[in-house]
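Asker: Would you mind keeping the following structure in view while I ask a few things?
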Amino acid sequence: MEKKPFIMGNWKMHLTLKEGVEFAQSLRDHLSEKNTVLCGICPSFVFLKDICSVVEGSDIFVAAQNIHSDESGPYTGEVSAVMVREVGCTHVLIGHSERRHIFGETDTFINAKIKTALSNNLKPILCVGEKLDEREDGRTKYVVKNQIKDGLQGIRADQMGDLSIAYEPVWAIGTGKTALPEQANEVHSFIRKILADEYGEHVANTTYIQYGGSAKPENTEELLAQPDIDGLLVGGASIKLESFLKIIETSLSVIG
Ligand code: PEP
C-alpha cells in the first residue's frame, strides 16, 4: 500500500450521545500529533452535529451513514445530503450492504445518491460486495462489477477524486469471518482494473479502495500489507476506542 491508509469507523446504530462525544474527544486528542492516517467516523444522524463540533479543527472527518437521493422532499424519516453537509459532514457511506440487503436499496438508487452527494460537496464512499451464495457460485466478480458499473453510471473521471470505494464481502460483515488478505486483494485489484478500463490508469491508481468485513487490530497489518488495499472500513471494532486506536496505530506502522 502506497497511500496514507484511510481508516473509517462505521458506528452503525451503536453508541449513545455521551459515549460518541467521549470517543470523538479521545480520538481527536490521540490523533493530534499523528496526521499520517486519514481517519473518519460515521456516527448516527442524530449525533452528527455534536460529533462534528468535537472534531472541528482536527484532521478527523465525519461521515453520514446514508443520505436520500433527493435534496429535499416528502420522505418521512429520511435525511438529505444538504442536511448532513450543513452540520459539518464531509463524507457519506453509500450502498452499505445493510442498506442494500435489509432496506432493499437498488444500484439505481445508489447511483442517484452518489450524484447528489457529489453535487453537494460530500465525498461518497461506495460500498460493494458479494453475498455468501454469490461467492460460492463463483459470481463474486460479476456481482462486484455490476455494482461498480451501475453505481458509477454517469460519473465523470474528473469527479472520481472525491469518491472512494469500500469492498465489503457481505459474508464477512459482522460475522468474524475476514476475507483472506489475498482473497480481498484479488477483488481490490479487479476493482482497480474496472476503474482503469472506465477512467484510465491515473484514476484507478489514485482511487482509495478500502476493505471492510470483520477488520480488527489482529488482521489490520496483513490486510494493509496487500498492494491494492488502501484502508479499512471498520464496523464492530470501531465502536470500542481501544480497538479502533489499535487499528490506527497498526496502520501507521504499516506505512512506517
Ligand atoms: C461494516 O459494517 O462496514 C463492517 C465492515 O462491519 P464489521 O467490521 O463489523 O464486519
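To convert a position in the sequence shown, counted from 1, into my numbering, add 165. Ideal Cβ positions, reconstructed from N, Cα and C, are used throughout, including at glycine.
1. With burial defined as no fewer than 16 other Cβ atoms inside 10 Å of the residue's Cβ, what is the status of I320: buried or exposed?
2. H233 lies in the alpha helix (DSSP H); which residues open and close that run?
3. Thinking just about the alpha-carbon of each residue, which of Y364, K342, I330 is nearest to the one in L398?
4. Please give the ranges of any beta strand (DSSP E) in the segment 265 to 336, keeping only runs that are unbroken, at least 3 residues long and fully inside the region.
5. Would you call D395 buried or exposed, if buried means 16 or more other Cβ atoms sit within 10 Å of its Cβ?
6. What residue range does the alpha helix (DSSP H) around H261 cover?
7. From A361 to L196, what does the alpha carbon distance come to, in whole angstroms?
8. Helix, strand or coil: how does DSSP classify A390 here?
9. Work out the CA separation of V247 and F274 for me, nearest whole Å.
10. Over what stretch of residues does the alpha helix (DSSP H) that includes I225 continue unbroken?
11. Name the DSSP bridge partner or partners of Q375?
12. On the DSSP bridge assignment, give the partners of I206 in chain order.
Answerer: If we stick to the structure as given:
1. Taking the first residue of the sequence shown as position 1, residue 320 is located at position 155. It is buried - the Cβ of I320 has at least 16 other Cβ atoms within 10 Å.
2. As a working note, residue 233 is residue 68 in the sequence shown. No alpha helix (DSSP H) contains H233, which DSSP labels as neither H nor E.
3. Translated into the one-based positions of the sequence shown, residue 398 becomes position 233. Selected option, being the one with the closest Cα: I330.
4. 288 to 293, 329 to 332
5. Here residue 395 refers to the residue found at position 230 when the sequence shown is read from its first residue. Buried: at least 16 other Cβ atoms inside 10 Å.
6. By one-based count along the sequence shown, residue 261 stands at place 96. Here H261 belongs to no alpha helix (DSSP H), and DSSP marks it neither H nor E.
7. For the purposes of this step, residue 361 is taken as residue 196 along the sequence shown, with counting starting at 1. For the purposes of this step, residue 196 is taken as residue 31 along the sequence shown, with counting starting at 1. Taking the straight line joining both Cα atoms gives about 34 Å.
8. If you number the sequence shown from 1, residue 390 lands on position 225. A390: coil per DSSP, three-state reduction.
9. Looking up residue 274 in the sequence shown gives position 109. Looking up residue 247 in the sequence shown gives position 82. Taking the straight line joining both Cα atoms gives about 17 Å.
10. The sequence position of residue 225 within the sequence shown is 60, counting from 1. No alpha helix (DSSP H) contains I225, which DSSP labels as neither H nor E.
11. Counting from 1 along the sequence shown, the entry for residue 375 is found at position 210. Paired residue(s): A331, G396.
12. Translated into positions along the sequence shown, residue 206 becomes position 41. DSSP lists G174, V227 as partners of I206.
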